[in-house]
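Chains as they are written, first to last, in this note's numbering: chain A, 1202 to 1675; chain B, 2 to 241. Worksheet: the structure to be examined is printed underneath.
Laid out in structure tokens, this is it:
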């Protein structure tokens, strides 16, 4: 008998979503969907507001990655003003952005995903969380909490607040860096590097255990999209160009100006979810599937741009001959990016002009349209605004990193469900793998659709007439 | 300076024996004695209007409440500035102000430098009991240097008074009644088109909230400088 399995809500992700798995008469999985059923409407509510309020207003989309929205939004406002901001101001923004990537990646890897990796996909869900990890492996839990704390402390030290700092403004930042702030941040970096190298060590040693997950966790050919730096390395601040590579690692499009995104990115809509499906227009929908985020970035760049991260990068790229295709390796890529961020931050803090007082440009709006692009932890983030002659927002469009991965997440859910889910008898561990593949992408659903919620988990096995055949509850 | 002897009144404020000249208000005398009475529409140097009602006090022997900023001291008065009844009214007044406009502190340019916000914090307001009206109001950014955001205006009329009484331009005024009341520049024209505005910025600096602000200030950046007013006013009085 055909059945529908619903996982709602998903646990240990940022935001609120659900998965349905359709099972045929033979108990085999026919299809699977990743749904997001909320909408918040930031693009609408900002209409009429003065453009210089936008960074802080838009940062409210998310409490995990407000800094990413601050970057993209402030850059869109710079474009409205038509200014090239002072380089020390840009470097200070870069440092805050790197700190943000560190804290978000640490949250994703340690707090949300490492319980699956260290305690096991089939471990008791009561303890398969950060608290269980603290009991079973306190060293790793401590490392994760400390690493995230470093990121948050650096954001706070620069902006005065951990969440929603008002320091990033159109035209630059609103206060220069002091010697004390610089030295404080520099003092945190060595221990951060120790932690991440230790983590990369145990993660790589443990990969063998997850051979089957690596094989089916969103392991399929897609294109990869993201910003690269001016030297084709990792560049989160988004001042290089956009590059797209295919599954063999060949460059499909290079030196693309991200401001032309509407020319090559389309957005499809499906009736069963509020999250749109961006796709690469030249290949159409859904063939134009691509992935963004840590895995995509490491598949795109020629190198990272810092010594230790470049060593890890070289090793990472030997995993497969072309691009690394398994979404399981988002975790791996995330760890390498943390290492890069720490090293890059150190480089920037030693820049000769980093203490300069010249950190902000002032101008009235000179353009009626502005686009800002940055690499958020989860991928390429685009803010696009239009203003009237008084500088008030009349239109806004946001392309959120999690949205880019929507097609890939759906395909990954189906792949994992087909391999692990037996529709004849539900087992919690099967469904946890379906959730775990979503966690690998570290989606931020509060950003992409903008909602948060409580996350108890119930899984219903529903028959074609709607009757509940089986139920699991956490 | 007047040569007539000042007529001094003695009274009690919060059980303290105090004295003041007969032309002084309860608020004046309380402040001279470091007794805090919250105010919002009142600014020393501008004519008091008693419109916000935050400075309401109790006077023994009367069931009514009196606005301290416009009530003159009298001999033998016994004033109470702090009581449960007063606290509950003051809270209610502020809550009504919050529910009447669109005051979103977190994304306001005046966050951290707002008199409405700090009064609410001082009175321990952590939620609003009344339904928000969410009025649809406009932002006028037509002026080259300043912006008026009607969403954040509490109609204290400080701008109207300072513009008329101190700058002498009388650009600002109030229009409409009740919930449709707004501040307007000139004959309800765009501020940028105002013939009378001298762009002195006194209204902006005295505005207690983020309703009148300097253009280009980002969230939490708009701190206002109110020190100029007593200086200007006392210089003029001295010259007279």
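The beta-carbon is built from N, C-alpha and C at its ideal position, and this holds for glycine as well.
- In chain A, no part has a C-beta under 7 Å from the C-beta of residue 215/B; the shortest such distance is about 11 Å.
- Ranked by Cα distance from residue 1295/A, the first of 1552/A, 1327/A, 1509/A is 1552/A.
- Beta-bridge partners of residue 29/B (DSSP): none assigned.
- Interface criterion met: the Cβ of residue 1256/A is under 8 Å from a Cβ in chain B.
- The C-beta of residue 1397/A has 16 or more other C-beta atoms within 10 Å across all chains shown, which makes the residue buried.
- Three or more Cβ pairs closer than 8 Å define a contact, and the region 1252 to 1271 of chain A meets that threshold against the region 1296 to 1309 of chain A.
- Under the 10 Å beta carbon count, residue 1316/A is surrounded by 16 or more other beta carbons and is classified as buried.
- Within chain B, no residue has its CB atom less than 8 Å from the CB of residue 1341/A, the nearest being about 35 Å off.
- By the CB criterion at 8 Å, residue 1425/A and residue 1501/A fall inside the cutoff.
- For residue 1400/A, same chain residues with a beta-carbon under 7 Å away, outside a window of 5 residues either side, are 1344, 1536 in chain order.
- The C-alpha of residue 1204/A is placed about 10 Å away from the C-alpha of residue 1221/A.
- Under DSSP, residue 1479/A forms a beta bridge with 1468/A.
- Taken atom to atom, the span from the alpha-carbon of residue 1598/A to that of residue 1286/A is near 23 Å.
- At least 8 Å separates the beta-carbon of residue 1610/A from that of residue 1622/A.
- Not one beta carbon of chain A lies nearer than 8 Å to the beta carbon of residue 149/B.
- Annotation: the continuous alpha helix (DSSP H) that includes residue 1345/A extends over 1339 to 1360.
- When DSSP states are grouped into helix, strand and coil, residue 1307/A belongs to the helix group.
- Among the CB atoms of chain B, none fall inside 8 Å of the CB of residue 1515/A.
- Closest in alpha carbon position to residue 1518/A, among 1245/A, 1467/A, 1450/A, is 1450/A.
- Identification of residues in the region 217 to 233 of chain B having a C-beta nearer than 9 Å to some C-beta of chain A yields 217, 218, 219, 220, 221, 222, given in sequence order.
- Within chain B, the C-beta atoms nearer than 7 Å to that of residue 1592/A come from 142, in chain order.
- For residue 1256/A, the CB contacts under 6 Å within the same chain, skipping 5 residues up- and downstream, are 1271, 1274, 1275, 1369 in chain order.
- Against chain B, the CB of residue 1578/A has no partner CB under 8 Å away; the residue lies outside that interface.
- Runs of the alpha helix (DSSP H) lying entirely within the region 1531 to 1599 of chain A and spanning at least 4 residues, in chain order: 1531 to 1550.
- Closer than 8 Å to the CB of residue 121/B there is not a single CB belonging to chain A.
- For the region 1363 to 1374 of chain A, residues whose beta-carbon sits nearer than 8 Å to a beta-carbon of chain B comprise 1365, 1367, 1370, 1371.
- Within the region 81 to 160 of chain B, the runs of alpha helix (DSSP H) that reach at least 4 residues and sit entirely inside it are, in chain order, 85 to 101, 116 to 123.
- Under a 10 Å Cβ-count criterion, residue 1604/A is classified as buried, with 16 or more other Cβ atoms of the shown protein chains found around its own Cβ.
- In the three-state scheme derived from DSSP, where H, G and I count as helix and E and B as strand, residue 1222/A is classed as strand.
- Of all residues in the region 1393 to 1417 of chain A, none comes within less than 7 Å of chain B when Cβ atoms are compared.
- Proximity of the region 109 to 128 of chain B to the region 43 to 52 of chain B falls short of the contact definition, fewer than three beta-carbon pairs being nearer than 8 Å.
- In this structure, residue 153/B places its C-beta atom within 8 Å of the C-beta atom of residue 109/B.
- About 12 Å separates the beta carbon of residue 1478/A from that of residue 1488/A, a gap too long to meet the 8 Å contact definition.
- Within the same chain, Cβ atoms closer than 6 Å to the Cβ of residue 150/B are found at 140, 212, the five residues on either side in sequence being excluded.
- Apart from the 5 residues on each side of it in sequence, residue 1444/A sits with its Cβ closer than 6 Å to the Cβ of 1429, 1455, 1501 in its chain, given in chain order.
- Interface annotation, residue 158/B: not in contact with chain A, CB-CB separation never under 8 Å.
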